[in-house]
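The listed protein sequences correspond, in order, to chains A and B. Sequential numbering from 14 applies to the first sequence in my numbering. Sequential numbering from 191 applies to the second sequence in my numbering. The beta-carbon is built from N, C-alpha and C at its ideal position, and this holds for glycine as well. Below is one structure, written out as structure tokens; comments come after it.
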Amino acid sequence: MSVRVVAIINQKGGVGKTTTSTNLTHALAKKGYKVTVIDLDPQGHLAVSFGVTSMQISGIDAVMLDEKNVEQQVIAARDNLQLIVAGPRLQEIEQLTDGGAKRGDLLRKALHENLQDQDFVFVDCPPSSGVLVANALFAADEILIPMTSDFLALQGLSHLVGTLKRFESALKKKYKISLVMARYVTRRRISKEVLNTMLKHFPQQVLATVIRESSVLAECPSSGKTILEYRPGSRSARDFRDLADAFLEDKVM
Amino acid sequence: MTTKNNESLIGFDPLAWINDDDETPAQEESSMEQVDEISSEVADESSPAEELSSQESLSEPEITELIDNSKITLDDTLNINTVLELHGKLMQALKDNDSLEIDAANVNNIDTASLQLLVVLKQEAFKLGKDIVFDFPSDRFIEAAELLGIDNMLGVDQSAAGFF
Numbered sequence: 014m015s016v017r018v019v020a021i022i023n024q025k026g027g028v029g030k031t032t033t034s035t036n037l038t039h040a041l042a043k044k045g046y047k048v049t050v051i052d053l054d055p056q057g058h059l060a061v062s063f064g065v066t067s068m069q070i071s072g073i074d075a076v077m078l079d080e081k082n083v084e085q086q087v088i089a090a091r092d093n094l095q096l097i098v099a100g101p102r103l104q105e106i107e108q109l110t111d112g113g114a115k116r117g118d119l120l121r122k123a124l125h126e127n128l129q130d131q132d133f134v135f136v137d138c139p140p141s142s143g144v145l146v147a148n149a150l151f152a153a154d155e156i157l158i159p160m161t162s163d164f165l166a167l168q169g170l171s172h173l174v175g176t177l178k179r180f181e182s183a184l185k186k187k188y189k190i191s192l193v194m195a196r197y198v199t200r201r202r203i204s205k206e207v208l209n210t211m212l213k214h215f216p217q218q219v220l221a222t223v224i225r226e227s228s229v230l231a232e233c234p235s236s237g238k239t240i241l242e243y244r245p246g247s248r249s250a251r252d253f254r255d256l257a258d259a260f261l262e263d264k265v266m
Numbered sequence: 191m192t193t194k195n196n197e198s199l200i201g202f203d204p205l206a207w208i209n210d211d212d213e214t215p216a217q218e219e220s221s222m223e224q225v226d227e228i229s230s231e232v233a234d235e236s237s238p239a240e241e242l243s244s245q246e247s248l249s250e251p252e253i254t255e256l257i258d259n260s261k262i263t264l265d266d267t268l269n270i271n272t273v274l275e276l277h278g279k280l281m282q283a284l285k286d287n288d289s290l291e292i293d294a295a296n297v298n299n300i301d302t303a304s305l306q307l308l309v310v311l312k313q314e315a316f317k318l319g320k321d322i323v324f325d326f327p328s329d330r331f332i333e334a335a336e337l338l339g340i341d342n343m344l345g346v347d348q349s350a351a352g353f354f
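If you want it as structure tokens, here you go:
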């Protein structure tokens with residue numbers, strides 16, 4: 014079975030992309046799946062979340078600039094879990110203006126026939142809408158969209174879906190699109206209404222597990238630990254273990 | 191087309207266009223200008239698209255209403271006025287599922303009628319060989335259950351409440 018390339022994407026910031034990338038990938042790795050996660054955000058927060066704090070290590074930047082092979086850039090982050098950091102030059106790629114469509118195809122080419130021993134390659138996208146996100150969309154077969162339960166997130170989702178449809182048309186492919194309700198605040202009525210709106214427009218695509226907002230999820234990046242390490246008995250750790258099951262088994266609402 | 195629903199907190203639905211037709215909104219409406227520019231370039235240029243392995247289009251997902259009622263969140267206030275509705279909701283959920291997760295994190299006020307209902311639900315589940323778990327019980331929920339001596343029966347004694 015070939016590696017599944019999944020882009021975790023939402024151009025809105027603060028929706029839980031990196032939190033989802035960190036903890037979902039670790040939950041999958043703990044289940045025995047071989048997972049590589051790529052930090053495509055020049056801020057490098059994914060690496061920090063795994064305890065890799067040096068901003069000078071080259072990563073996917075050198076791969077996309079055709080200086081290194083992707084296999085050379087992997088760091089063993091946890092058992093079964095490899096990390097490719099952003100690297101200090103990733104921002105240069107975001108600012109590329111020359112090269113036409115080819116500047117959007119760097120990541121797909123870099124991954125081509127590499128990492129074939131992996132079950133999943135996840136790409137943690139930046140909260141932007143430039144060349145890096147285009148690269149993720151070229152490379153990915155599947156899209157995982159973390160959402161918050163507020164109105165502006167719905168507005169942003171509308172733009173994102175429009176973009177995905179245009180890429181599907183241009184690339185002549187159909188993404189498998191899943192959504193995950195992250196940072197869900199159960200006590201707010203608007204949360205339920207946003208979720209219902211998502212269910213109305215994305216039937217069978219919203220993963221069955223919601224990630225509830227919690228303070229421990231905000232705390233664990235500072236210790237360089239995933240939630241499964243920081244508070245393994247917490248409800249948030251259980252949310253991510255359940256999310257991994259939902260992701261693997263296509264369990265949807 | 192967007193609509194306004196006066197009873198909803200969502201004044202208009204920005205995703206309504208998805209169901210109106212299969213067309214994407216006008217490209218100039220998108221905030222993702224650069225990424226859209228690249229998608230347009232892909233459509234215009236043949237080389238990257240040619241290199242992509244062709245994929246058959248997946249069929250559209252079947253549109254069915256399937257709401258999971260195996261996880262229920264209790265409201266802030268549970269009293270004699272809400273117990274009948276809650277009874278119906280919980281019994282239906284028990285009928286539909288082999289196990290129920292009831293999130294009691296938000297409970298701020300709960301009266302004896304509601305607690306009795308939860309005990310009955312637990313007993314009913316036991317008889318049916320089904321499982322009910324109360325997740326993240328609030329302090330007030332635990333306090334009320336302790337007061338009636340049913341915290342252990344409901345499985346919400348402090349030792350079981352974990353980190354929260």
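Proximity winner among the options, relative to residue i (alpha-carbon distances)
| i | options | result |
| --- | --- | --- |
| residue 321(B) | 309(B), 328(B), 331(B) | 309(B) |
| residue 264(A) | 223(A), 235(A), 161(A), 230(A) | 223(A) |
| residue 303(B) | 200(B), 293(B), 269(B), 280(B) | 269(B) |
| residue 247(A) | 232(A), 141(A), 169(A), 175(A) | 232(A) |
| residue 148(A) | 15(A), 16(A), 20(A) | 20(A) |
| residue 167(A) | 84(A), 213(A), 120(A) | 213(A) |
| residue 118(A) | 146(A), 234(A), 24(A) | 146(A) |
| residue 12(A) | 230(A), 170(A), 79(A), 234(A) | Outside the displayed range of chain A (14 to 266) lies residue 12(A), so it cannot be described from this structure. |
| residue 288(B) | 261(B), 334(B), 228(B), 306(B) | 261(B) |
| residue 102(A) | 122(A), 78(A), 121(A) | 78(A) |
| residue 98(A) | 50(A), 113(A), 29(A), 195(A) | 50(A) |
Residue i to residue j span [Cα, whole Å]
| i | j | result |
| --- | --- | --- |
| residue 339(B) | residue 347(B) | 10 Å |
| residue 63(A) | residue 52(A) | 11 Å |
| residue 203(B) | residue 87(A) | 42 Å |
| residue 71(A) | residue 108(A) | 18 Å |
| residue 157(A) | residue 150(A) | 11 Å |
| residue 208(B) | residue 193(A) | 19 Å |
| residue 192(B) | residue 200(B) | Note that residue 192(B) has pLDDT 47, beneath the 50 cutoff, so the model's placement of it is unreliable and no number is given. |
| residue 345(B) | residue 33(A) | 30 Å |
| residue 141(A) | residue 332(B) | 44 Å |
| residue 174(A) | residue 160(A) | 13 Å |
| residue 279(B) | residue 209(A) | 18 Å |
| residue 127(A) | residue 48(A) | 13 Å |
| residue 241(A) | residue 256(A) | 13 Å |
| residue 228(A) | residue 67(A) | 26 Å |
| residue 73(A) | residue 342(B) | 53 Å |
| residue 130(A) | residue 83(A) | 13 Å |
| residue 314(B) | residue 336(B) | 21 Å |
| residue 266(A) | residue 191(A) | 11 Å |
| residue 16(A) | residue 23(A) | 22 Å |
| residue 326(B) | residue 299(B) | 15 Å |
| residue 202(A) | residue 61(A) | 34 Å |
Buried/exposed call for residue i, threshold 16 Cβ in 10 Å
| i | result |
| --- | --- |
| residue 172(A) | buried |
| residue 95(A) | buried |
| residue 271(B) | exposed |
| residue 89(A) | exposed |
| residue 125(A) | exposed |
| residue 319(B) | exposed |
| residue 38(A) | buried |
| residue 316(B) | exposed |
| residue 85(A) | exposed |
| residue 226(B) | buried |
| residue 274(B) | exposed |
| residue 111(A) | exposed |
| residue 137(A) | buried |
| residue 286(B) | exposed |
Counterpart residues of residue i in DSSP-defined beta bridges
| i | result |
| --- | --- |
| residue 291(B) | 261(B), 323(B) |
| residue 85(A) | Bridge partners of residue 85(A): none, in fact. |
| residue 299(B) | 267(B) |
| residue 49(A) | 95(A), 134(A) |
| residue 159(A) | 193(A) |
| residue 17(A) | 133(A) |
| residue 225(A) | 197(A) |
8 Å Cβ shell around residue i - same chain, five flanking residues per side excluded
| i | result |
| --- | --- |
| residue 296(B) | 263, 264, 265, 266, 328 |
| residue 282(B) | 259 |
| residue 139(A) | 53, 54, 55, 56, 107, 145, 146 |
| residue 219(A) | 191, 192, 193, 194, 208, 211, 212, 265, 266 |
Beta-carbon proximity list for residue i, same chain, < 6 Å, skipping 5 on both sides
| i | result |
| --- | --- |
| residue 236(B) | Note that residue 236(B) scores a pLDDT of 45, beneath 50, so its modelled location is shaky and nothing firm can be said. |
| residue 254(A) | 40 |
| residue 81(A) | 75 |
Distance cut-off 7 Å: residue i Cβ against heavy atoms of the ligand NAD
| i | result |
| --- | --- |
| residue 77(A) | Looking at this structure, you won't find the ligand NAD or any other ligand, since it has none at all. |
Proximal residues to residue i (C-beta, below 7 Å), its chain only, five neighbours per side dropped
| i | result |
| --- | --- |
| residue 204(A) | 162, 197, 198 |
| residue 252(A) | 222, 224, 225 |
| residue 46(A) | 93, 132, 133 |
| residue 311(B) | 280, 284, 322 |
| residue 91(A) | 39, 42 |
| residue 120(A) | 77, 148, 149, 151, 152 |
| residue 250(A) | 240, 241, 244 |
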